[in-house]
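Residue numbers (the numbering used here): 30 to 206.
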């Protein structure tokens with residue numbers, strides 16, 4: 030549950046003490062509520078009235094982003110399957126019914142498409158670059174390893190951010206899906 034009491038109190042430019050006086054609830058109770066305790070009955074109603082809102086607006090359930098986490102994790106399939114980091118998350122995204130998870134899924138797929146295009150182009154160009162520089166050993170391994178590490182890093186950073194901030198850390202400014 031996300032506690033909105035502190036946010037609403039600060040928005041109304043009230044101190045904890047002022048809210049306690051206005052609502053008829055003790056300062057210690059206000060402190061406990063802002064620390065995460067959920068009030069009931071009279072306390073809930075009086076605080077909501079003091080903050081000029083409905084009691085149900087004081088607390089909001091954290092969004093369930095388990096599907097978005099699965100979509101992000103499924104991008105790891107690109108380490109095994111060619112284009113798996115795009116195809117598998119895309120299938121999971123379009124089978125998702127929840128709008129928030131679908132939006133995050135599209136953002137994940139968008140980033141993976143860009144990374145896959147960069148990887149593909151670098152793999153196509155590497156033999157030509159190898160020939161231009163006259164390199165004896167295959168240089169396609171270098172961009173392959175670097176870009177696979179970048180993909181892995183993106184998946185890890187986004188996974189951590191989904192757990193902590195309920196949003197992606199690495200995403201495109203404009204979504205093309």
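By construction, the Cβ of each residue, glycine as well, lies at the ideal position given by its N, Cα and C atoms.
Item to check | Between the CA atoms of residue 103 and residue 117 - distance to the nearest angstrom | outcome: 6 Å
Checklist entry - Between 39, 88 and 158, which lies nearest to residue 67 when the distance is taken from Cα to Cα? => result 88
Checklist entry - Which value, in whole angstroms, describes the spacing of the CA atoms of residue 34 and residue 180? => result The alpha-carbon separation between residue 34 and residue 180 amounts to approximately 39 Å.
Checklist entry - Any idea what DSSP makes of residue 46, helix, strand or coil? => result helix
Next on the checklist: Taking contact to mean 3 or more Cβ pairs, one atom from each stretch, closer than 8 Å, check whether the segment 119–133 and the segment 163–172 are in contact.
Outcome noted: No: fewer than three Cβ pairs fall under 8 Å.
Checklist entry - What is the rounded straight-line gap between the Cα of residue 41 and the Cα of residue 69? => result If you take the alpha carbons of residue 41 and residue 69, they lie about 22 Å apart.
Next on the checklist: Distance check for residue 94 and residue 101, CA to CA, integer angstroms please.
Outcome noted: 11 Å
Next on the checklist: Considering Cα atoms alone, identify which of 54, 86, 176 and 196 is closest to residue 71.
Outcome noted: Of the listed residues, the one whose Cα sits closest to residue 71 is 54.
Item to check | Extent of the continuous alpha helix (DSSP H) run through residue 207 | outcome: This structure does not reach residue 207, given that the chain is present from 30 up to 206, and the question cannot be answered.
Next on the checklist: In this structure, how does DSSP classify residue 101 when only helix, strand and coil are distinguished?
Outcome noted: helix
Next on the checklist: Ignoring anything shorter than 4 residues, give me the alpha helix (DSSP H) runs that lie fully in the segment 159–200, in order along the chain.
Outcome noted: 170–194
Checklist entry - Under three-state DSSP, which class holds residue 88? => result The DSSP-derived three-state label of residue 88 is strand.
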